[in-house]
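**Student:**
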Amino acid sequence: MRMRILLIEDDAETATYVTRGFSEQGHVCDALDDGRLGLTQALAGGYDVIVVDRMLPRLDGLSLVRALRSAQVATPVIYLTAIGEVDERVAGLEAGGDDYLVKPFAFSELAARVQALARRAPGIVEEAVLRVADLELDRLRHRVTRAGRPIDLQAREFRLLEYLMRNAGRIVTRTMLLEQVWELRFDPKTSVVETHISRLRGKIDKPFATPLLHTERNLGYTLRAPD
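Under the working numbering, the first residue of the sequence shown is numbered 3, with each subsequent residue one higher.
#1: Starting from the C-beta of T83, find all residues in its chain whose C-beta is less than 6 Å away, skip the five residues before and the five after it, and write them out in chain order.
#2: Give me the DSSP bridge partner(s) of E218.
#3: Closer than 8 Å is the cut-off here; do at least three beta carbon pairs connect the segment 76-90 with the segment 101-116?
#4: Where does V131 land, buried or exposed, given buried means 16+ other C-beta within 10 angstroms?
#5: Mind checking E218: buried by the 16 CB within 10 Å criterion, or exposed?
#6: Straight-line CA distance for N220 to S193?
#7: Using a Cβ-Cβ cutoff of less than 6 Å, which residues in the same chain neighbour D35 once the five nearest sequence positions on both sides are dropped?
#8: For I206, does the count of other Cβ atoms within 10 angstroms reach 16, so buried, or fall short, so exposed?
#9: Measuring CB atoms only, is the segment 59-77 touching the segment 33-51, in the sense that at least three cross pairs come out at less than 8 Å?
#10: Taking C-beta to C-beta, are R158 and H198 nearer than 8 Å?
#11: Given L112, which residues of its chain have a CB within under 8 Å of its CB, disregarding the five upstream and five downstream residues?
#12: Hey, quick one: how far does the beta strand (DSSP E) through T212 stretch, first residue to last?
#13: Can you tell me the Cα-Cα spacing of P78 and M178, whole angstroms?
#14: Here's a check: name, in chain order, each residue in its chain whose Cβ is nearer than 8 Å to the Cβ of E164, leaving out the five neighbours to either side.
#15: Does the beta-carbon distance from A227 to L214 come in below 8 Å?
#16: Determine the burial state of A2: buried for a count of at least 16 other Cβ atoms within 10 Å of its Cβ, exposed for fewer.
#17: Classify T77 as helix, strand or coil using the three-state DSSP reduction.
#18: Rounded to a whole number of angstroms, what is the C-alpha to C-alpha distance between R71 and K208?
#19: Helix, strand or coil, according to DSSP, for R18 in the structure here?
#20: Buried or exposed for A44, please, with buried defined as at least 16 other CB atoms from any protein chain shown within 10 angstroms of its CB.
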């Protein structure tokens, strides 16, 4: 999918890096280094996703996003910023942002998040906390609990669980997991999916009486609440 992206970033090196990366992927990326100019451009519309820094000249990122939402502009927004404290991330999302990526960052992760936002229907607000039965995943605090007990997950396990919970009750195939969790458009012919599913099951199911993560023979996996 060819996207039109608005980047509002006052660090010239970061702006060049991000713009070049999106251009190499075939997207159009307009870059501005001023908050007020960025707001004017964003209000004009025509963008699939807006990437915005928190600290900007003349108008900060939070104020910019609040102004967009007040104007009923539903274009997905991802913050790209060095401000990474949990309270600040919460403030960014409460202001109307859709996602939050902290610097330093890998362009591949930014690109994957931007693509995910672009696929989302306009106006749909992503839930901060996902729940399936007594299992909870808090996106903002990067925390997972079941029956109130904390569960320690590695980054990829967290991402895998988040995808399964977003598709709770539906069968998720191995190919879907490779594409959405590992960002692979080919089968590496390894047991990476099976290994991570096994590890995840050991953490969210084995210590508890009722399993939530099920293998659907010859089809894939499903995470579902008990009947």
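We treat Cβ as the ideally placed atom computed from N, Cα and C, and that holds for glycine.
**Tutor:** Judging by the given coordinates:
#1: Along the sequence shown, one-based indexing puts residue 83 at 81. Cβ within range, chain order: D55, R56.
#2: Here residue 218 refers to the residue found at position 216 when the sequence shown is read from its first residue. In DSSP, E218 forms a bridge with G222.
#3: Touching, yes.
#4: Locating residue 131 in the sequence shown gives position 129, counting from the first residue. With fewer than 16 other Cβ atoms within 10 Å, it is exposed.
#5: Counted from its first residue, the sequence shown places residue 218 at position 216. Classification for E218: exposed.
#6: As a first step, residue 220 is located in the sequence shown; it is residue number 218 there, counting from the start. As a first step, residue 193 is located in the sequence shown; it is residue number 191 there, counting from the start. About 15 Å.
#7: As a working mapping, residue 35 is identified with position 33 in the sequence shown. Around D35: D12.
#8: Working through the sequence shown from its first residue, we reach residue 206 at position 204. Buried is the call here.
#9: Touching, per the Cβ criterion.
#10: Numbered from its first residue, the sequence shown carries residue 158 at position 156. Numbered from its first residue, the sequence shown carries residue 198 at position 196. A contact, by the Cβ cut-off of 8 Å.
#11: Position 110 of the sequence shown, counted from the start, is the residue given in the question as residue 112. Non-local C-beta neighbours of L112 in its own chain, meaning closer than 8 Å and more than five positions away in sequence, comprise V20, G23, V53, I80, L82, L103, ordered along the chain.
#12: If you number the sequence shown from 1, residue 212 lands on position 210. Where T212 is concerned, there is no enclosing beta strand (DSSP E), given that its DSSP letter is neither H nor E.
#13: Taking the sequence shown and counting its residues from 1, the one referred to as residue 78 is at position 76. Taking the sequence shown and counting its residues from 1, the one referred to as residue 178 is at position 176. Those two C-alpha atoms are separated by around 23 Å.
#14: Sequence index remark: in the sequence shown, residue 164 carries index 162 (1-based). Correct list, in chain order: L132, L139, R141.
#15: In the sequence shown, residue 227 corresponds to position 225, counting from 1. In the sequence shown, residue 214 corresponds to position 212, counting from 1. Yes, the Cβ-Cβ distance between A227 and L214 is below 8 Å.
#16: Because the chain is modelled from 3 through 229, residue 2 falls outside the range shown and cannot be assessed.
#17: As a first step, residue 77 must be located in the sequence shown, where it is residue number 75. Coil, per DSSP.
#18: Translated into positions along the sequence shown, residue 71 becomes position 69. Translated into positions along the sequence shown, residue 208 becomes position 206. Between R71 and K208, the C-alpha separation is close to 43 Å.
#19: Here the question's residue 18 lines up with position 16 in the sequence shown. In the sequence as presented, Arg is not what sits at residue 18; that position holds Thr. The answer is helix: DSSP assigns T18 an H, G or I state.
#20: In the sequence shown, the residue the question calls residue 44 occupies position 42. So A44 ends up on the buried side.
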